[in-house]
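Engineer: Just dropping this structure here.
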Amino acid sequence: MGTGRWLQIENAVPARLIYPTRPPVKVDNAALQDGFQIYHHVFAFTNDGQWAVVQQGMDLTSSWARRYHWLGEKVDTFILEPHSAVCGEPVGQVLNMVAGESAGARDASLYLTGKPDEVIKTLKKITDMPGDKLKVLSLPAGHPVPGAGRIKKTLDRLCDIQPASYEGLLAVEGVGPDTVRAFALVSEVIYNAAASRRNPERYSFAHGGKDGHPYPVNRQDYDRSISMLENALRRARTGDMENFKALKRLAAVAARLKVT
Numbered sequence: 005m006g007t008g009r010w011l012q013i014e015n016a017v018p019a020r021l022i023y024p025t026r027p028p029v030k031v032d033n034a035a036l037q038d039g040f041q042i043y044h045h046v047f048a049f050t051n052d053g054q055w056a057v058v059q060q061g062m063d064l065t066s067s068w069a070r071r072y073h074w075l076g077e078k079v080d081t082f083i084l085e086p087h088s089a090v091c092g093e094p095v096g097q098v099l100n101m102v103a104g105e106s107a108g109a110r111d112a113s114l115y116l117t118g119k120p121d122e123v124i125k126t127l128k129k130i131t132d133m134p135g136d137k138l139k140v141l142s143l144p145a146g147h148p149v150p151g152a153g154r155i156k157k158t159l160d161r162l163c164d165i166q167p168a169s170y171e172g173l174l175a176v177e178g179v180g181p182d183t184v185r186a187f188a189l190v191s192e193v194i195y196n197a198a199a200s201r202r203n204p205e206r207y208s209f210a211h212g213g214k215d216g217h218p219y220p221v222n223r224q225d226y227d228r229s230i231s232m233l234e235n236a237l238r239r240a241r242t243g244d245m246e247n248f249k250a251l252k253r254l255a256a257v258a259a260r261l262k263v264t
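If you read the sequence shown in my numbering, its first letter stands for residue 5, the second for the next number, and so on.
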């Protein structure tokens, strides 16, 4: 794309093309803690301001990847079920602060931005909890309790800023996985507002991955699937109602899974 064309678009709708590049990174790295670290970010847009984000995260332990899809026209808010699709293999317990059922935890987290001392005091109590009691909290496996000392500066900054929304909380410089996890844990302990542990992954690899994970691509399976669908489409166009109904059922399944 030429420079002149880019400048023309940027000046026309800067907020719609620049701002949406930022929240997805914070959400997929901090608000959604599933063990995958974002290392690849693509932002695509059209001349009329439509946009999409595709991000890929890597689990360094297993070397598996997960892909996060955002479609602007389907994003009503960046902090409530914003993904059009999440592709990857199922993982263990997660912390999902953008799930619908995490609304109470989001509200409590926002309220706690004005009480940094209470957050730190509660974190210290959580750290001293016996292991059996700690297990009942919404703490993802492999995600330790955040150290109060590590996030104190960020908590003080949030107290000074007093963000008006959870999206604004995430946007504050310094807010990362530790801060989000701290607020989620304290919200559960003090207000019984547990965050969701639901895995947002909606579909996984049907034919393998090009990087060999979770298993190498099987070209025969690819070709067989394509041939089967092409044949079904041909027969449906000629009035084969059985194939037509099968395609409708497939479309209904795809809609339920929100695969785009």
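Virtual Cβ for every residue (Gly too), placed ideally from N, Cα, C.
Taking DSSP as the reference, what is the three-state secondary structure of Val190?
Structural biologist: In this structure, Val190 counts as helix in the three-state DSSP scheme.
Engineer: What does a CB cutoff of less than 7 Å around Thr242 pick up in its chain, not counting 5 residues either side in sequence?
Structural biologist: Same-chain partners within the cutoff: there are none.
Engineer: Contact defined as beta carbons within less than 8 Å: I believe Ala35 pairs with Val184. What is the distance between those atoms, to the nearest angstrom?
Structural biologist: Correct: roughly 6 Å between the Cβ atoms.
Engineer: Alpha carbon to alpha carbon, how far is Leu64 from Ser106? Give it in angstroms, no decimals.
Structural biologist: In a straight line, the C-alpha of Ser106 is about 27 Å away from that of Leu64.
Engineer: Since Val98 and Glu85 should fall inside the 8 Å C-beta cutoff, what is the C-beta to C-beta distance between them, to a whole number of angstroms?
Structural biologist: That belief does not hold up - the Cβ atoms of Val98 and Glu85 are roughly 14 Å apart, past 8 Å.
Engineer: I believe Pro167 touches Thr126 by the beta-carbon criterion, under 8 Å. Please report the beta-carbon distance rounded to the nearest angstrom.
Structural biologist: Their Cβ separation, rounded to whole angstroms, is 20 Å, which puts Pro167 and Thr126 out of contact at 8 Å.
Engineer: Just checking Ser191 against the ligand COA - is the residue's beta carbon closer than 6 Å to any of the ligand's heavy atoms?
Structural biologist: Absence of the ligand COA is noted for the structure shown, with no ligands found whatsoever.
Engineer: Considering only residues of the same chain and omitting the five flanking positions on each side of Ile194, which have a CB-CB separation below 7 Å?
Structural biologist: Same-chain partners within the cutoff: Thr126.
Engineer: Alpha carbon to alpha carbon, how far is Asp38 from Val95? Give it in angstroms, no decimals.
Structural biologist: Answer to the nearest angstrom: the Cα atoms are 7 Å apart.
Engineer: Kindly indicate the opening and closing residues of the alpha helix (DSSP H) around Arg161.
Structural biologist: That run of the alpha helix (DSSP H) goes 152–165.
Engineer: In the DSSP assignment, find the alpha helix (DSSP H) that holds Gly172 and state where it starts and stops.
Structural biologist: First-last of the alpha helix (DSSP H) with Gly172: 170–175.
Engineer: Taking 7 Å as the threshold (beta carbon to beta carbon), is Gly76 in contact with chain B?
Structural biologist: Chain labels in this structure do not include chain B; a single protein chain is all it has.
Engineer: With a Cβ-Cβ cutoff of 7 Å, do His87 and Pro181 count as a contact?
Structural biologist: No; because the gap between Cβ atoms is not below 7 Å, this pair is not in contact.
Engineer: Among Ala255, Lys128, Ile42, Cys163, which has the Cα closest to the Cα of Tyr72?
Structural biologist: Among Ala255, Lys128, Ile42, Cys163, the Cα nearest to that of Tyr72 belongs to Ile42.
Engineer: What's the call for Arg110, buried or exposed, on a 16-neighbour Cβ count within 10 Å?
Structural biologist: Label assigned to Arg110: buried.
Engineer: I'd like to know whether the C-beta atoms of Val190 and Leu159 end up nearer to each other than 7 Å.
Structural biologist: Contact: no.
Engineer: When DSSP labels each residue in this structure, what does Ser106 get in the three-state scheme?
Structural biologist: Here Ser106 sits in helix by DSSP.
Engineer: Tell me, to the nearest whole angstrom, how far the beta carbon of Gln54 is from that of Glu77; I am working on the premise that it is less than 8 Å.
Structural biologist: Right, their Cβ atoms sit about 6 Å apart.
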